[in-house]
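Protein chains in written order, with numbering that gives the first Met the number 0: chain W, 0 to 344; chain U, 0 to 287; chain Y, 0 to 137.
Working notes, structure below.
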Amino acid sequence: MLKKTAIDKISELASRMMEQGTLIAPVKEDGYFHFREIADVQAVDLNYHNTVTSPKSVFFPPVEDFIHYETGKSILDAVAVELNVKPTFLFGVRPCDVRSFQIMDIHFSGTGSVDPYWQKRREATVIFGYAFYLDEPAQAEEFYSTLGIGAADPEGSDIFMIRKENDLLLKSMTSKGEKILDRLSVHDAATPEDEKYFEEYIHRGRQTRTRFTCIEKSNIAKKMEDLFHNNDFWMKISSACLSCGVCTFLCPNCYCFDICDETLFGKGTRRRVWDACMFTDFTLEASGHNPRTQVYQRLRQKINHKYSYHVRKYDTISCVGCGRCTRHCPVNIDIFSIVEDAMKA
Amino acid sequence: MAISFKQIEEKLKAESKRLLETGQVSVVLAYQNGYDEKHPMPYAAKCVSDVENIIFNEYCNFNMARYLVRYSRGTKIAIAVKAADSRAVIQLLHEEKVCREDVVVMGIPVYGMKNSETGQEIDGQTTCGLYNPILYDILLGEEIHGKPVVSPFEVLTPYEAMDREDRFVFWKKEFDRCIRCYACRKACPMCYCDPCFIDQQKPRWGEKSPQSSGNFMYHLTRFHHLAGRCVDCGECSRACPVNIPLYLFHKKMAKECKEMFGQGAGMSLKDKPVLINFRVDDSDKILE
Amino acid sequence: MSFEPKILGIACNWCTYTGADLAGTTRLQYPQNLRVVRVMCSSRINPSFIFRAFQMGADGVLIGGCHPGDCHYNTGNLYARRRLAVTKKILDFSGMEPERFRVEWISASEGNKFAEVVTEFTEQIRKLGPQTKFKIAL
C-alpha cells in the first residue's frame with residue numbers, strides 16, 4: 000500500500016512510532032547527522048544527505064555486553080546478559096545502507112551459526128528506507144551505482160519512502176512493512192498520480208549515476224589475486240595511509256570485532272567491541288609475532304577482503320559505495336580509486 | 000601573500016626536482032592531487048618523474064612530519080612544511096627520531112589555508128596561527144610580516160571561564176561521541192610510540208570499549224603525553240570523524256606549559272622539551 | 000554512616016615514606032583512609048597512576064616526595080614537579096576537582112607534617128564527597 004504524509008508533519012508520525020516502540024532516526028548534532036534513539040520528536044531531521052556513522056550500530060553496536068562474571072567464582076556462575084529488544088523503527092536509511100544490512104546478514108546469520116544478538120535486533124526492527132533526493136547531485140565520494148544499487152532502490156526496506164515536493168510517500172515493500180504502515184495510521188491517501196510518481200522515481204534512481212566504473216565481480220577478484228605479490232603497487236597505494244581505523248568504523252560492511260574482558264575489583268563483563276584490520280595490533284600474536292607489521296600489508300588485506308575474498312566466498316562485494324571511507328579519511332584516500340587502479344594495473 | 004599558491008607549487012616542484020636529481024635526498028614528502036581539488040593527499044616522491052605529481056594549494060593541511068618516523072635512520076628526506084609542521088620537525092629532532100643531517104626542510108610561509116570539509120579558513124583558533132616556518136633549509140617564498148596573528152589561546156577564553164561542572168558536562172558530551180577509531184593518534188606527528196599505551200594489556204591503562212570512562216582515560220592520558228610536545232597543527236581535530244574539538248585541550252596544555260615553564264613546543268632548536276627538563280627554581284606554585 | 004573517603008597515597012621511599020614511619024613511631028594520630036604505595040622516587044609516578052586511581056574509585060590521590068633539591072637521586076623530584084603540575088592542569092580543565100589531587104614535599108624528619116597533611120586532605124575530600132566523574136561503571 001502507498002501512503003502519504005506532509006514532511007512538516009513528520010513529528011506526528013514519529014510520535015506514533017515512539018508510542019509503539021523505539022524510534023531510531025537521523026539527528027543533527029553540531030552540523031553533522033547521526034542515527035540516534037529519539038527522545039524528542041522534534042529532533043528527527045530528514046534534511047540530510049547521509050549520516051557520518053553508518054546505521055550498522057543499530058544491529059551491531061560498538062559495545063555489546065555478553066556475560067557478567069566474578070573472578071573468584073566458577074565460570075558456571077557467570078550470568079549471560081539478557082537482550083531485550085523492543086519493536087524498533089529504523090527511520091530514514093539510504094538505499095546503500097539498507098543493502099549493507101543484507102550483506103551483513105550473510106555473516107551474522109547466513110553461515111550456519113546465527114548471532115542471536117544481531118538476529119533478535121534484525122527481527123524486531125522495521126526498516127524505513129529513504130530514497131536519495133534525485134534533484135541533488137550525488138556526492139563525489141559515492142559510487143553505489145557501480146555496485147548495482149539505485150539512488151531510489153527499495154531493495155531490503157520494509158517500507159520505502161520517497162520525497163514528492165512537500166510530501167513523503169511511504170510504500171510497504173514487505174508484509175512486515177504493510178502491517179506497520181497500517182498500524183501507524185498514516186492518514187493521507189495516495190493518489191494514482193502518486194503511485195506513478197513513486198514507480199518512476201525508482202526507475203529514475205537507477206539511471207542517476209554516481210561515479211561508475213564497470214566492475215565485474217569475478218574480474219576484480221581475479222585481478223586482486225594477481226596483484227597480491229606486487230609489493231610496489233601496494234606500497235605506493237598505502238604511502239599516505241595512517242592506518243587509523245576511521246574507514247573501518249564508518250563502513251556499513253565492516254564487521255570485525257574483538258572480545259575483551261573488562262574487570263574491576265573482582266567483577267567484570269565480557270564484551271564485544273569493534274576492531275579494525277587497519278590497527279597495527281590486529282594480527283599481533285601472543286608470541287609477539289605480527290604477520291602484518293607494515294601499513295601496505297594491512298591496506299592490501301582490507302581491499303582484498305572486500306573485493307576479492309568476500310566475492311570468492313559469498314559471491315558479493317562487501318561494499319555498498321556509500322563513500323563514508325573516502326569522505327572521512329584523514330588523508331583523503333579515495334578507497335574506490337585503489338580498486339580502479341588495481342583493475343588497470 | 001607576496002606570492003600565490005601556484006607560485007609556491009612551482010618553487011616546491013623545482014626544489015624537489017633539484018634535490019632528487021642531485022641525489023641529495025631519496026624521498027620528498029609533499030602533497031599530490033586527490034579525488035578532487037579540495038581533497039589533496041600526502042605524497043612521497045621517490046624519483047624525478049614523481050615530481051610532476053606534486054602540488055600545493057590551500058587545502059594541503061597535512062603535517063608531513065608524521066611520515067618522517069616511517070623511514071629508517073640515514074634515509075635522506077626532504078620535507079615540505081608550513082609553520083606548525085616545522086615545529087613538529089624541530090620537536091622530532093629534539094626527541095632524536097630524525098637526524099638534522101638527514102632532513103632538508105623546505106619551509107612554506109603561508110596564510111589562507113582552508114579546511115577541506117567546511118571551507119573555512121584555518122587560523123589560530125584551531126591551529127598555532129603562525130605564518131612562517133621556524134626552521135627551514137630552503138624557503139619557498141617570502142616571510143610574512145605585518146599580518147596580525149590570531150592568538151592561539153584566545154579560543155580558550157569561554158572554556159576557561161566556564162564553571163568547572165559545566166566544563167565536565169561539555170567534555171563528557173564530547174568524549175561520549177568518541178568511537179575510538181584512533182585517527183587522532185595516527186594523524187599526530189608526535190604519536191609514534193609502538194606500542195601505544197592504550198594497546199598494552201600488561202598493565203592495562205584504559206578500557207578498550209568506547210564508553211565514557213575509557214574514552215576519558217584515553218584522551219586525558221594522550222593530552223598528558225603530548226603536553227609540551229604538541230605543536231598545535233590541528234591535524235588530530237581535522238582527522239576526527241565525529242568532530243571532537245581536541246585542539247581545545249591541547250591548546251590549554253600548551254598555554255599552561257608556556258606560563259609555567261616559559262616555552263612552546265618546537266619553537267627553537269636550542270630549547271629542551273619541557274617535561275624532560277627542569278629548573279631548580281621552578282615554582283612550587285605550579286602544583287596548586 | 001558518614002562518607003569515608005578512599006585515598007591513594009604514593010610516597011617516595013627516602014623521604015615521605017620514612018616521614019610516615021616517623022609519624023607512626025611517635026604515635027601521631029591521623030585518619031586511616033590513606034592507602035599508601037611506596038615508590039623509590041616521586042619521579043617514578045606515571046600520571047596514568049593518578050587517572051587510573053580515579054577510574055578505580057579513589058576519592059583523592061596524595062603524592063609525597065622529597066623537597067626539591069633534596070631528592071635522593073638528585074633530580075627526580077624536579078622532573079616530577081613539572082609532570083605532576085601538568086597532571087593537575089589536565090584534571091582542572093577536564094572538569095575534575097583539582098583539589099582531589101595533591102602533591103606535598105615531606106621530608107623524612109617531618110612526621111608531624113605528614114600527619115597534618117593527611118588529616119587535612121582527608122577532611123577536604125570528605126567535604127568534597129565521593130568521586131563519581133571518572134569512576135568506571137562496569
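We put the beta carbon where it would ideally sit given N, CA and C, even for glycine.
For S171/W, the enclosing beta strand (DSSP E) starts and ends at 166-171.
At the C-beta level, F88/W and F32/W stay beyond 8 Å of one another.
For G123/U, the three-state secondary structure derived from DSSP is coil. Inter-segment contact for the region 6-22 of chain Y and the region 266-280 of chain U is absent: fewer than three beta-carbon pairs are separated by less than 8 Å. In the three-state DSSP reduction, P115/W falls in the helix class (H, G or I). With 16 or more other Cβ atoms from the protein chains shown falling within 10 Å of its own Cβ, T17/Y counts as buried. The three-state secondary structure of H38/U, taken from DSSP, is coil. Judged by their CB atoms, V62/W and R299/W are not nearer to each other than the 8 Å cut-off. If you ignore the 5 residues before and after T25/Y, its C-beta comes within less than 6 Å of the C-beta of G110, all in its own chain and listed in chain order.
From the beta-carbon of I135/Y, the residues of chain U found nearer than 8 Å are E206, S212, G213. Judged by DSSP secondary structure, D280/U falls outside any beta strand (DSSP E); it is assigned neither H nor E.
Residues of the region 164-194 of chain U whose Cβ lies closer than 9 Å to any Cβ of chain W, in chain order: R176, I178, R179, C180, Y181, A182, C183, R184, K185, A186, D193, P194.
The region 209-228 of chain U and the region 40-55 of chain Y touch, with no fewer than 3 CB-CB distances between them shorter than 8 Å. DSSP places W104/Y in the strand class (E or B) of the three-state scheme. In chain order, G205, E206, S212, G213, F215, M216 make up the part of chain U whose C-beta sits under 9 Å from the C-beta of Q54/Y. Neighbourhood of H223/U in chain Y, by CB distance below 9 Å: P46, S47, F50, R82, V85, T86, I89, in chain order. Contact annotation, P329/W with A238/U: C-beta distance approximately 4 Å; criterion of less than 8 Å satisfied. In this model, H304/W and M223/W are separated by some 10 Å (Cα to Cα). Taking the Cβ atoms as the reference, V51/W lies roughly 26 Å from S14/W, outside the contact range of under 8 Å. At least one C-beta of chain W is nearer than 8 Å to the C-beta of R237/U. One alpha carbon belongs to D49/U, the other to E9/U, and they sit about 14 Å apart.
Between G20/W and K85/W, the C-beta gap is smaller than 8 Å, which places the two residues in contact.
With respect to chain Y, the C-beta atom of L18/U has no partner C-beta closer than 8 Å. For G265/U, there is no enclosing beta strand (DSSP E), since its DSSP letter is neither H nor E. Chain W has a Cβ within less than 8 Å of the Cβ of N242/U. Per DSSP, reduced to three states, the secondary structure at W204/U is coil, with no helix or strand assignment. T70/W and D257/W have their C-alpha atoms some 20 Å from each other.
Within the region 87-168 of chain W, the complete alpha helix (DSSP H) runs of at least 4 residues fall at 94-108, 115-123. Of the other Cβ atoms in all chains shown, fewer than 16 fall within 10 Å of the Cβ of L82/W; this residue is therefore exposed. Shown in chain order are the members of the region 43-72 of chain W whose Cβ falls below 8 Å from a Cβ of chain U: V51, T52, P61, V62.
When Cβ-Cβ separations below 8 Å define contact, E135/W makes no contact with chain U. When C-beta distances to chain W are compared with 8 Å, the residues of the region 31-51 of chain U below that value are G33, Y34, D35, H38, P39, M40, P41, Y42, A43, in chain order.
Taking a cut-off of 8 Å on C-beta distances, the region 182-189 of chain W touches the region 1-11 of chain W, as three or more cross pairs fall below it. Close partners of S238/W in chain U (Cβ separation under 7 Å): A43. When beta bridges are read from the DSSP output, R37/Y appears opposite A10/Y. Close CB contacts of E173/U within its chain, under the 6 Å cut and outside five residues either way in sequence, are with I243 (chain order).
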